[in-house]
Amino acid sequence: MDSSYAYSKDVAHLENAYLINIKSNPTGVKEQIMEHGAVGTMYSNYSNGMTFGDGYNAYFDTSNTITSYGDGSHAVMIVGWDDNFSKDKFLRGEKPSSNGAWLIRNSWGTDFDYFWMSYETKSLADTAWAMDFTTADNYDNNYQLDGGISISQNPTNSTVVANVYDVAHRNDAVSETLKAVSISSMHVAGVNYSIDIYTDLMDDKPSSGTLQAEAHTEGTTTYAGIYTIPLKNEVNLTPGSKFAVVVKTDKAAIDYEQAVKIATGSNLETVIWDCNVSRNNGKSFYGNNYGNFWSWPHGNYCIKAFTTNNVYTTYNITYKLDGGENNASNPTICGGNDAAITLQAPTKDGCKFDGWYLDSAYTTPITEIPAHASQEYTLYAKWSSALGDSVYGRTLNLDGNIAFNMYMDLPSDLAENKDVYMEFTFPDKSTSRMTVAEARRNGGHYIFSFKVAAKEMTVDVKARMHAGNTYGKEYTVSVQKYAEYILTHPNDYSTLVVSLIKSMLNYGTAAQQLFDYQTDKPANEIMSENDRAVADHKNDFKNYEYSLSKSNIDSGIKWYGSSLILESDTCVRDYFQVDSSHINEYTFEGIIGNNNNSIKLTPVEKTINGTVYYYVEVPDIKAQNLDQSIKVVVKRKGQLSNDIELQYNAFSYAYVISQDTATYQKTIDVTNAMYEYWKNAKAYVDNNNQSNA
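When we follow the numbering used here, the leftmost residue of the sequence shown carries the number 1238, and every step to the right adds one.
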């Protein structure tokens, strides 16, 4: 059988056992039946003592019934009694002199399973026993010297006895707590006792240690038996030390086990049992009331000590790797009986490891966790780029488009290499690049920028420097995350900047809804409910109603409609219907703003629902200019007059769709947010020369 069954498979364990003289103390037996439900006893069964009555069974024997005596040979349980059970119901041989019987639960199945035994039964043993068991797993260790063939027939003559124990070293325990002591007094009842504990013994003598006075415990046993006695106060025990349990009684009472050797043969030359137990091991002592102790050489006293393990507490180690991969040698727990832990370096693509730190600001470095650690640890991996580049700062463009700037410090070998570039990777795996030559300079820093469409303010963009086939640390940025920083540090920015950022995020959220793009992560989720509210600007848009004029009614071209393209900047796209064989007969010109700035527009073919159209775009309209006049002039080549003059800007489109809320509600939401974005962008640009925040 596996040894684990001796320790971890039990469902209950014995705490106390009571031995009661059934002949002289039947009342005590009855009390224990009431408390425990049954008591055990023994008798010798003889067939001529058995009565099979009408509806009952009974048993009674006398010295005339049996030929030998002892303490009985058959174990049974007493489960009840009847003081009035008639003596006349015992029908075999002699009858008892008085009424009264114990109700016995037998072990023979249905054959004589329950029967009444007369109080006067001769072979009934003198002793009945009751036991206290518990299912509680209240102790981890049992310190004892027991294990011999049997306890002595009589208790020790000494009234001061002690056992000495060595506290074990256990891998999972920093110390042990002595909680209770067990004493065996199987022959004597009503014993007054006291228990004292000595710890950290200097030698084997019980009194050579420190008396734990607060643990002093006194009491009185009721019956003979075994008692588990909780100490008045628990005692801490150090692994590797010695401790003593000293028991004093008011009469000779404590049991002991004898070292026994049994032999046979004419000269006892054949040993058939040899159980030295604790003979001469210097662990059991008898003493006197003056503190003197002498080793008991012939065996051991039946005194046990019950302890619990004070296990080492372990603590979690959490690693903040910032996208890196941890070293497999780095553990996830510390403390306990561990030695100091030397922390190993993790790895990260494109990065150099600069050490472990205890804080995210990288101010407190750490190279090892001390032995027997007593706290949780959160460790932050610090990285630098393998190319030597580093981020000096980040800003948002506020000059009318939605762009993110990264201010980079570059070592000279990168700065002087015009082929070095920063690559930006978007969630859809598309990329954009900006070379060192294309980067703007500011105070020795290189500014690399990328743009996002209105709906993309929440996307995480990966940025990384490249030099040939090597690359540096990857940085993750988003417009929303930087905007959140601005909104959570309002005292560091002007009211104009904060208002502009809020309206920009509302604009981005409306675009997400329109295009069903990352709607579970709205750009304005970091804002309050009041700040997320956008007004209806239908009446404002009426001021921008479009106009269309034709000077040549019979021309072969006509305006079909217009739309907005919501990129980083806004584009107005105008569609025209013309026979493809004649498209090259026309010129398209855009006249922007009150200064009549003219740009040439190139038509692009697009098929919509099977019909071929041509569109031209007025691109890169910055937020603060969304209200400006945009005129598209169409001429037939060689003619002086205009075929079409179309006055149509971003808010003209907004006014058109505002008339049909059933069809265009999400688009209307976008244009309302765009209007507020325009107002704040215009206010910011009109009052500031800076274009970044």
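Ideal Cβ placement from N, Cα and C applies to all residues, glycine included.
Cα-Cα separation, Ile1905 to Ile1738
Counted from its first residue, the sequence shown places residue 1905 at position 668. Counted from its first residue, the sequence shown places residue 1738 at position 501. One alpha carbon belongs to Ile1905, the other to Ile1738, and they sit about 20 Å apart.
Given a threshold of 16 other Cβ atoms within 10 Å of its Cβ, counted over all protein chains shown, does Trp1531 qualify as buried or as exposed? Translated into the one-based positions of the sequence shown, residue 1531 becomes position 294. Residue environment for Trp1531: exposed (fewer than 16 other C-beta atoms within 10 angstroms of its C-beta).
Next item on the list: Identify whether Gln1814 lies in helix, strand or coil by the three-state DSSP scheme.
Entry: Taking the sequence shown and counting its residues from 1, one reaches residue 1814 at position 577. Gln1814: strand per DSSP, three-state reduction.
Practice item. Compute the distance between the beta-carbons of Thr1302 and Asn1294, then report whether it is under 8 Å. Key: One-based indexing of the sequence shown puts residue 1302 at position 65. One-based indexing of the sequence shown puts residue 1294 at position 57. It is not a contact, given that the beta carbons lie outside the stated cut-off.
- Task: Check Ser1800 in the structure and name its three-state DSSP category.
- Result: For this step, residue 1800 is matched to residue 563 along the sequence shown. When secondary structure is reduced to three states using DSSP, Ser1800 falls in the strand class.
Since Ser1355 is in the beta strand (DSSP E), which residue starts that stretch and which ends it?
-> For the purposes of this step, residue 1355 is taken as the residue at position 118 of the sequence shown. Ser1355 -> beta strand (DSSP E) spans Tyr1351 to Ser1355.
Note to self: Can you find the residues in the same chain that come closer than 6 Å, C-beta to C-beta, to Glu1252, ignoring five residues on each side of it along the sequence?
What the structure shows: For the purposes of this step, residue 1252 is identified with residue 15 of the sequence shown, where counting begins at 1. These residues qualify, in order along the chain: Asp1369, Thr1371 and Thr1465.
Open item on the list: Bridge partners for Ser1669 per DSSP, in chain order?
Closed with: Counting from 1 along the sequence shown, the entry for residue 1669 is found at position 432. As computed with DSSP, Ser1669 is found in a beta bridge with Phe1661.
Within the region 1260 to 1284, note down every full beta strand (DSSP E) run reaching 3 residues or more, in order along the chain. Counting only runs that start and end inside the region 1260 to 1284, the beta strand (DSSP E) elements of at least 3 residues fall at 1276 to 1280.
Which residues in the same chain have their Cβ closer than 7 Å to the Cβ of Ser1444, if we skip the five residues on either side of it in sequence? The residue given as residue 1444 occupies position 207 in the sequence shown. Taken in chain order, the residues that qualify are Tyr1435, Gly1528 and Phe1530.
*Straight-line Cα distance separating Tyr1430 from Gly1456*: The residue you call residue 1456 lines up with position 219 of the sequence shown. The residue you call residue 1430 lines up with position 193 of the sequence shown. Rounded to the nearest angstrom, the gap between the Cα atoms of Gly1456 and Tyr1430 is 6 Å.
Is Gly1830 close to chain B? Criterion is C-beta to C-beta, closer than 8 Å. In the structure shown, chain B does not exist; there is a single protein chain.
Original post:
In this structure, does DSSP put Met1423 in helix, strand or coil?
Top reply: Indexing the sequence shown from 1 puts residue 1423 at position 186. Met1423 falls in the coil class under three-state DSSP.
In three-state DSSP terms, what is Pro1568? Sequence index remark: in the sequence shown, residue 1568 carries index 331 (1-based). Coil.
- How should Thr1264 be labelled, buried or exposed, when 16 other C-beta atoms within 10 angstroms of its C-beta is the threshold for buried? Sequence index remark: in the sequence shown, residue 1264 carries index 27 (1-based). So Thr1264 counts as exposed.
**Closest residue to Asp1383 among Asp1374, Asn1518 and Tyr1781 (Cα-Cα distance)** = One-based indexing of the sequence shown puts residue 1383 at position 146. Ranking the options by Cα distance to Asp1383, first place goes to Asn1518.
- Return the chain-ordered list of same chain residues with a C-beta closer than 7 Å to the C-beta of Gly1875, the five sequence neighbours on each side being excluded. Taking the sequence shown and counting its residues from 1, the one referred to as residue 1875 is at position 638. So the list is empty, once near-sequence residues are dropped.
_What does DSSP give as the partner residue(s) for Met1368 in the beta ladder?_
Along the sequence shown, read from residue 1 onward, the residue named residue 1368 stands at position 131. In the DSSP secondary-structure assignment, Met1368 is bridged to Ala1254.
field: As assigned by DSSP and simplified to three states, the class of Gly1307
entry: The count along the sequence shown starts at 1 and reaches residue 1307 at position 70. Annotation note: pLDDT 45 at Gly1307 (below 50); position unreliable, no value reported.
- Message: Residues in the same chain with beta-carbon distance under 7 Å from Ala1577, minus the five sequence neighbours each way, listed in chain order, please.
- Response: For the purposes of this step, residue 1577 is taken as the residue at position 340 of the sequence shown. Taken in chain order, the residues that qualify are Glu1605, Ile1606, Pro1607 and Ala1608.
message: I need the boundaries of the beta strand (DSSP E) containing Thr1457, first residue and last residue.
response: Walking along the sequence shown from the start, residue 1457 turns up at place 220. For Thr1457, the enclosing beta strand (DSSP E) stretches over residues Thr1454 to Thr1457.
Euclidean distance between Cα positions of Glu1562 and Ile1570
Working through the sequence shown from its first residue, we reach residue 1562 at position 325. Working through the sequence shown from its first residue, we reach residue 1570 at position 333. Distance between the alpha carbons of Glu1562 and Ile1570 is about 18 Å.
query: In whole angstroms, what separates the C-alpha of Ser1889 from that of Tyr1781?
result: Here residue 1889 refers to the residue found at position 652 of the sequence shown. Here residue 1781 refers to the residue found at position 544 of the sequence shown. C-alpha separation (whole angstroms): 5 Å.
task = Note the first and the last residue of the continuous alpha helix (DSSP H) segment covering Val1734.
result = As a first step, residue 1734 must be located in the sequence shown, where it is residue number 497. For Val1734, the enclosing alpha helix (DSSP H) has its first and last residue at Thr1732 to Phe1752.
field: Residue from Glu1826, Gly1827, Lys1837 and Lys1795 with nearest C-alpha to Ser1817
entry: The residue given as residue 1817 occupies position 580 in the sequence shown. Comparing Cα-Cα distances from Ser1817 to each of Glu1826, Gly1827, Lys1837 and Lys1795, the minimum goes to Lys1795.
Worksheet item: Are the Cβ atoms of Tyr1617 and Tyr1599 separated by less than 8 Å?
Response: Your numbering for residue 1617 matches position 380 in the sequence shown. Your numbering for residue 1599 matches position 362 in the sequence shown. Yes, the pair counts as a contact, with Cβ atoms nearer than the cut-off.
First and last residue of the uninterrupted alpha helix (DSSP H) at Ile1820:
Residue 1820 sits at position 583 when you count from the first residue of the sequence shown. Counting along the chain, Ile1820 falls outside any alpha helix (DSSP H), and DSSP gives it neither H nor E.
For Pro1443, name the three-state secondary structure that DSSP assigns.
Translated into positions along the sequence shown, residue 1443 becomes position 206. Helix, per DSSP.
Separation of Asp1487 from Asp1320, as counted between CA atoms: The residue labelled residue 1320 in the question sits at position 83 within the sequence shown. The residue labelled residue 1487 in the question sits at position 250 within the sequence shown. Taking the straight line joining both Cα atoms gives about 36 Å.
Exercise. Count the other C-beta atoms from every protein chain shown that fall within 10 angstroms of the C-beta of Asp1308, then say buried if there are 16 or more, exposed otherwise.
Key: If you number the sequence shown from 1, residue 1308 lands on position 71. Unreliable placement is indicated for Asp1308, whose pLDDT of 49 sits below 50; the coordinate value is still reported in the next sentence. Exposed: under 16 other Cβ atoms inside 10 Å.
- [ ] Name, in chain order, the residues that DSSP records as bridge partners for Arg1769.
- [x] Counted from its first residue, the sequence shown places residue 1769 at position 532. DSSP output for Arg1769 lists no bridge partner at all.
What number of angstroms, rounded off, separates the C-alpha of Asn1526 from the C-alpha of Asn1547? Taking the sequence shown and counting its residues from 1, one reaches residue 1526 at position 289. Taking the sequence shown and counting its residues from 1, one reaches residue 1547 at position 310. Put simply, the backbone Cα of Asn1526 is about 34 Å away from that of Asn1547.
*Going by the CB atoms, is the gap between Tyr1783 and Met1911 shorter than 8 Å?*
Mapped onto the sequence shown, residue 1911 falls at position 674. Mapped onto the sequence shown, residue 1783 falls at position 546. Inclusion of Met1911 and Tyr1783 in the CB contact set at 8 Å is not warranted, their separation being larger than that value.
By how many angstroms is the C-alpha of Ser1878 removed from the C-alpha of Gln1755? By one-based count along the sequence shown, residue 1755 stands at place 518. By one-based count along the sequence shown, residue 1878 stands at place 641. The C-alpha of Gln1755 lies about 49 Å from the C-alpha of Ser1878.
Coarse secondary structure for Gln1449, derived from DSSP in three states
Along the sequence shown, read from residue 1 onward, the residue named residue 1449 stands at position 212. Note: Gln1449 maps to coil in three-state DSSP.
*Beta bridge counterpart(s) of Trp1593 as assigned by DSSP*: Here residue 1593 refers to the residue found at position 356 of the sequence shown. The secondary-structure analysis by DSSP pairs Trp1593 across a beta bridge with Ile1603 and Ala1618.
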